[in-house]
Each structure stands twice: as structure tokens, then as C-alpha cells.
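Residues in the sequence shown are numbered consecutively from 7, following this note's numbering. By construction, the Cβ of each residue, glycine as well, lies at the ideal position given by its N, Cα and C atoms. Since the model is a prediction, treat every value here as computed from it, not as a measurement. Data block below; observations after.
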Amino acid sequence: MKTNWDLSVFYKGMDDPAFAADLQALPGRIDALTALIDAPQADDGKKVREIVEELERLSVFCEPLYMMVMLTLSTDAQQPQADAAQTPLNRASMAMAQAESRFSRYLASLPDLDAIIEGDEVLRARGFVLREYAQKARHQIDPVLEGPVLKMQLSGGKALSELRGKLEATLTACYRGEETPLATVRGMAYDADACVRRDAYEAEIACYKKVELPMSVCLNSIKAEACTIAGLKGYKDVLDMTLSESRLTKQTLDAMWTAIREALPDLRAYFKAKAKLLGHKNGLPFYDLFAPVGESTRTYTIEEARDILLDVFGRFCPEMAQMMETAFDEGWIDVYPKVGKRGGAFCAGCYDKNISRVMTNFTGSLSDVSTLAHELGHAFNNRMMTRMPLLMTEPPMPLAETASTFNETVLSAQMRKTASREEELMLLDASLTENTQVVVDIYSRFLFEQKVVDAQADHALSVEELKQTMLWAQEMSYGDGLDPEVRHPYMWACKSHYYSTGRHFYNFPYAFGGLFARGLYARYEQEGEAFVPVYCDLLSRFGSDTIENITASVGIDVTTPDFWRQAVGSIAEEARRFAQLVG
Ligand SMILES: [Zn+2]
């Protein structure tokens, strides 16, 4: 087994001459694509086919460059050559975005686009994305303005987003008299010692005072810019733009929120039961949301984690277990924390080589085992999508977290089957902690962001208004589940998701993916093995249709609350079981 990932499949190293040569060749390749789009041609069918083939070739060419730089920096933030390559890669992304806009306008200008697509086998296999390109032309910034606007964003919203990242990275909290990195202090929310959790929470809340003013400027400005961009693209508002880019309708989003709102009282029962278990009278204080419950001191070595995953997923789908084995054997995973490596975990796929790379910060907790299952779920999704043409392999945000959450659900359900009563309480709590975040906390984030976006038409919100709006959103979602005296008025400063310039409302996709995965797992429980090939086929199609059509293809109607009621209901049922075990 290898515990450091192997990047030599992309380049021999950052000083590989092939890397420098490819990086240098990239702008010329994009210029050539642009010229191909602009060049007049008598046969449009032939021209579209040439552009599509060049688009995919260019993607394959770019993959190793982006993978090499991004992966190198994530385990070695200061790596000089990778750091220096970021600027040319950002410029290339901008040029690529403009080339794609040109392609959109060209496709939209073809009166016989449908006939062209249907008349060519290669184009037919990419029909959905080509039609989507053509539709996007209706929602583009005026070509005269597009270049300058994209450039201004680099020094506007994108710069503020970077500033926010730097403010967070350099922020320390005074924990028990010692200046401590914020990430370390936030990690103490999982500590077994109640006093540690409370002191860490107080240190965290106090430290945001140091950055609240610049953070509030970043947040207001990024959302104000989003309103401007939505207007320039001809969308009704920022949510309308986000939904369109997510291939999702407002009706479906509302159906999900309806079911979630209905289930809130049942879900709050979990927080109340956990509060009771931990000896609180007035609901759960915010600092105990992640408190471990029961005998959760068991730790796992990476070998044990691998054996559990191979066993659990081997019983679910042999092809997935096989891929996991390859991942452990062939250096797909960078396992352990180290100096200069970033926090958290992620998975990145390389279509052309049919491989993924997974970063984790494994320290041996059960939650770390679950994270591995999650990231390898993404890797399996990547693998299934290589069954489709490259252009059809970009899943929209709400589907992107489905395969990962599904794996967490499989792991948790399997482990509970053989657990003792004490272990069951601990596993149930771990599952509920996750799932209530995905539903209850995400609902509060959506409500908050909606208010902040709407406010921009009138004025930028002051720090005090942002804090009050956050507390209001937490009241609407957590209600009496949380102690009203001990909440988190600074969650808007804590979560980086609010500050992304490319993805607004980066919250509802988590609820969507999490609940959709539960719905799929319920199907697996009913249908057993017969569901596995259906599931694999479904994953392969995540980038090739609207969400409503993809889900309908496996008999799930996401447009009305019924499906969502069942999915949220299964979490509420776990909450009831937890309350019962607590007694
Ligand atoms: Zn994920």
C-alpha cells in the first residue's frame, strides 16, 4: 500500500521539461480553438464536429497541467514552480471561458442545429451539452463587455475572495491564553472533553472580532457583484442564475425545502435528546453540536480502514471494491497530514487516464474512515463517467455530492448492523451529526444567503446586521433544538462557501446530494443486488441531462415533495431511534 500519492503519471516532477513546454503551448492551443470557432466554413456540420473534437483534445491536454499544479500545491502550499504556474493557468481559464462563449453564440446562430446534431454520430452522443451551449447564448454578457468584465472580476470579486482566504488562514484564536490557529480551535468541537469544546467555542467567537469588518466588506461586495453579473446575463436574480447553471428548476428546489421545513420539528428532537444526554436543560449549545457520544475512542490504522472499506463495498459492488484496492495499491491517495499540506479532503479525477487522486488528513478516527469512503465515492463516480464522451462528464453541483454521500450511507448502515448497543448510539450520533448538518444547517445557510443577496439592492449589510441575520436564520432552522443563548452569529465569517465568485448558494447542493443519496440507498435496500447496475449506469449519466430527467430515469420524481419527504423521513426516523436509546 502507498500512503503518498503518485503524481508521476502526469509529469516526472515540477521541473520536468515536458511540464514547462505544455504550459507554454497552452495559450496557443486556446487561440487556435478560438480561430477555428471564428473561421467561416461552408459546412456547419463539419465545423461543429471539428470544434467538438478540438475542445475534447484540448481538455485532455489541459488535465495533467491542472492536476499537477493543483495537487502539488495542496500537499505543499509553498511549492515555487507550482505557485508560479497559477497565473498562466488562471489566464488560460479566462481565455477558455471566452472561447466557450463564442462557441455558444455560434451554435445559437445555427437555424438547423438539431438536424446537425442528429445527423452526426459524434455530435448526437453529445447532444445535450451542445444544445445547452446554444441555450446559454441567451444568458451571456454582451460580447463587447465580456472580456473587460471577466478582467475586472479578477481584481474585484475574485480578489476579495482571495483576501477572505488570507484573512482566514492567518487568523488565530486565543485559546486558554495561547494564540492558536483557527482551524485547530475549530477542530476542538469534536473533543471528548466538554470544557475543551466550550473554551474553544468562546475563543473562536471572540477571534472573529479581529476580521469582522474586512470579512463583511468581502461578503457584501461579492454578493453585489453577483447581482450585477446576473443582471448582465439577463437572469431574474442570483438564485435564478445559480439554478440555471445547476440544471435544476425552482419547483424542484422548493419541493425539497417544503419537505425539509415539515420535518424540522422531528429533526430538532435529535438536538434536544443529545442536549439531555450531555446534561443541558435549554437545548443544545452550539459548541456541543459535534460532541462525540458514547465510546468513540476506537481508532483505526490505514490498513484497518482499507480492510473495512474493501469488505463493506465488496459486498455492495465488486467493481467499486476493485477500484478501491487499486487506489490503495497504486498511489491514488495522499493519506496523512503533514506540514504545508492543506486541511480537509477532496477527490480530483483525470478522465483521459481513468484515474483519480484523493487527498485526506487521516488521523484514525471513525470519521476519517468515513471520509475515505466519501472521497472514493467521488472517484467511483469519475470512473463510471468515463463511459460517456468527455463533454458529457461535468455533473452539476447538486449531483456532485451524491456518490460520495451514498458511500457514507452504505458504510454507516453496514457498521451499525454488527454494532453493540453502545456502539450503535455512537454510530447513530455520527450519522445524525452529519445528516442534520446537511439538512438543518444547510437550510439556515440558504435562508441567510438569500437575505444577504436581496439586501444588496438596498444597502450593504453592516457587521451587526449580518450577525442578526445569521441568528435569525439559525432560529428558523434549528429552533428550540439549539440553546438560544449559545448560537453562532459569525457562521458567515466561518464558511468559505459564501465567498465563491463562481458558485452562489453553494449550500442547497449539499442538501440535494445528501437526500438524493438516501433515496437511492432506500432503493438499494428494497431491491438489493439488482439495483447495483442501475446505480452505476445512473452515475455515468450525471453530466448528460437535466437533474429532473436524470432522476426520473430511475423512477424518482424530485419535482414534488413526496420523494423528499421519504428521504428526510429516514433521517427523522434515526433521530427517533437516537432519542429512544437516550431514554
Ligand atoms: Zn465530496
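With respect to 7 Å, is the separation between the Cβ of residue i and the closest non-hydrogen atom of ligand 1 below this value?
i: residue 503; result: no
i: residue 384; result: yes
i: residue 107; result: no
i: residue 410; result: yes
i: residue 145; result: no
i: residue 400; result: no
i: residue 440; result: no
i: residue 414; result: no
i: residue 428; result: no
i: residue 465; result: no
i: residue 380; result: yes
i: residue 127; result: no
Can residue i and residue j be called in contact, C-beta distance under 8 Å?
i: residue 338; j: residue 379; result: no
i: residue 404; j: residue 188; result: no
i: residue 292; j: residue 488; result: yes
i: residue 516; j: residue 448; result: yes
i: residue 83; j: residue 348; result: yes
i: residue 59; j: residue 42; result: no
i: residue 250; j: residue 398; result: no
i: residue 446; j: residue 270; result: yes
i: residue 335; j: residue 7; result: yes
i: residue 233; j: residue 217; result: no
i: residue 333; j: residue 545; result: no
i: residue 144; j: residue 285; result: no
i: residue 429; j: residue 520; result: no
i: residue 227; j: residue 163; result: yes
i: residue 505; j: residue 455; result: no
i: residue 165; j: residue 570; result: no
i: residue 437; j: residue 484; result: no
i: residue 493; j: residue 576; result: no
i: residue 375; j: residue 311; result: yes
Which partner residues does residue i have in the DSSP bridge list?
i: residue 365; result: 340, 352
i: residue 179; result: 186
i: residue 613; result: Shown here, the chain extends from 7 to 589; a query on residue 613 therefore has no answer.
Looking only at C-alpha atoms, which of the options sits nearest to residue i?
i: residue 13; options: 269, 65, 80; result: 80
i: residue 278; options: 439, 173, 383; result: 439
i: residue 441; options: 501, 295, 559; result: 295
i: residue 141; options: 122, 159, 18, 115; result: 115
i: residue 223; options: 173, 32, 480; result: 173
i: residue 584; options: 234, 70, 274; result: 274
i: residue 290; options: 227, 178, 204, 111; result: 204
i: residue 297; options: 143, 431, 390; result: 431
i: residue 9; options: 309, 467, 533, 352; result: 309
i: residue 235; options: 555, 507, 197, 181; result: 507
i: residue 324; options: 185, 148, 502, 535; result: 535
i: residue 230; options: 371, 176, 510, 547; result: 510
i: residue 258; options: 558, 588, 581; result: 558
i: residue 561; options: 522, 576, 575, 577; result: 522
i: residue 181; options: 198, 480, 207; result: 207
i: residue 32; options: 501, 46, 100, 85; result: 100
i: residue 184; options: 401, 578, 563, 209; result: 209
i: residue 53; options: 65, 66, 586, 39; result: 39
i: residue 322; options: 407, 539, 552; result: 539
i: residue 87; options: 75, 97, 98; result: 75
i: residue 592; options: 168, 479, 512; result: The first residue shown for the chain is 7 and the last is 589, placing residue 592 beyond what the model contains.
Should residue i be listed as close to ligand 2, given that the test is whether its C-beta is under 7 Å from any heavy atom?
i: residue 407; result: This structure lacks ligand 2; the ligands present are ligand 1.
Pairing CB atoms from the stretch 202 to 213 with CB atoms from the stretch 99 to 118, are three or more of them under 8 Å?
-> no
Using 8 Å as the threshold, is the stretch 368 to 382 in touch with the stretch 308 to 325, meaning 3 or more CB pairs across them?
-> yes
Stretch pair the stretch 415 to 435 + the stretch 449 to 464: three plus CB contacts closer than 8 Å = no
Is the stretch 388 to 402 in contact with the stretch 352 to 361, if contact means three or more CB pairs nearer than 8 Å?
-> yes
Any chance the stretch 147 to 154 sits against the stretch 114 to 133, with 3 or more Cβ pairs inside 8 Å?
-> no
Could you tell me whether the stretch 17 to 33 touches the stretch 91 to 100, where touching means 3 or more Cβ pairs closer than 8 Å?
-> yes
Taking three-plus beta-carbon pairs below 8 Å as touching, is the stretch 413 to 420 in contact with the stretch 154 to 166?
-> no
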